[in-house]
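Numbering (the numbering used here), first residue to last: 8 to 135.
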């Protein structure tokens, strides 16, 4: 359903370096790219994540209540991804671990270098 989500940045070069390294840990690579926009995905069948300088030329800002959730395949993958994000300069918004509000939901929350909120999660339950 979703092709990709886009996050704004005020420093494209720094953001690209962060996401190139972070997303490589889960096998994602660039699939769309211009001088102001880059998107990554693990495969053409999966949704991607992109960063961009705002088209209107105004500064990128963080949306209150906006978050990108990245689905991973195991709790170990969540732990490694979350740890890598922090190593690359992301800030913690909630350490990786099980979440009491939903059985089988394991997630780590962080903000990227521009303050955008993301989480890496694993859902250990069958789909309805």
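We treat Cβ as the ideally placed atom computed from N, Cα and C, and that holds for glycine.
Note that the coordinates shown come from a computational prediction; the quantities given were computed from them, not determined experimentally.
Cβ shell of residue i (< 6 Å), same chain only, five flanking positions each side left out
i: residue 82; result: 113, 129
i: residue 39; result: 46
Pairwise C-alpha distance: residue j and residue i
i: residue 72; j: residue 59; result: 19 Å
i: residue 15; j: residue 9; result: 18 Å
i: residue 36; j: residue 22; result: 14 Å
i: residue 42; j: residue 100; result: 30 Å
i: residue 97; j: residue 54; result: 22 Å
i: residue 52; j: residue 44; result: 20 Å
i: residue 75; j: residue 12; result: 8 Å
i: residue 26; j: residue 48; result: 11 Å
i: residue 31; j: residue 108; result: 30 Å
i: residue 110; j: residue 116; result: 17 Å
i: residue 20; j: residue 106; result: 34 Å
i: residue 69; j: residue 50; result: 27 Å
Whole-Å CB distance - residue i paired with residue j, under 8 Å assumed
i: residue 86; j: residue 103; result: 5 Å
i: residue 136; j: residue 29; result: Residue 136 falls outside the range modelled here, since the chain spans only 8 to 135, and no answer is possible.
Spatial neighbours of residue i in its chain, beta-carbon cut-off 8 Å, leaving aside the 5 residues before and after
i: residue 77; result: 33, 56, 88, 125, 126, 127, 128
i: residue 79; result: 33, 85, 88, 127, 128, 129
i: residue 63; result: none
Residue i - partner residues in DSSP beta bridges
i: residue 145; result: Outside the shown range of the chain (8 to 135) lies residue 145, about which nothing can therefore be said.
i: residue 112; result: 130
i: residue 14; result: 58
Close Cβ partners of residue i (< 7 Å) along its chain, the five nearest in sequence each way excluded
i: residue 17; result: 66, 67, 121
i: residue 118; result: 97, 98, 100, 124
i: residue 91; result: 29, 32
i: residue 61; result: 15, 67
i: residue 7; result: For the chain, the structure presents residues 8 to 135; residue 7 sits outside this window and is missing.
Entirely within the segment 34-59 and at least 3 residues each: give me those beta strand (DSSP E) ranges in chain order.
Those beta strand (DSSP E) runs which fall completely within the segment 34-59 and span 3+ residues are 36-40, 44-48, 55-59.
Starting from the N-terminal side, write out each stretch of the alpha helix (DSSP H) that is 4 residues or longer and does not extend beyond the segment 66-110.
Counting only runs of at least 4 residues, the segment 66-110 fully encloses the following alpha helix (DSSP H) elements, listed from N- to C-terminal order: 82-94.
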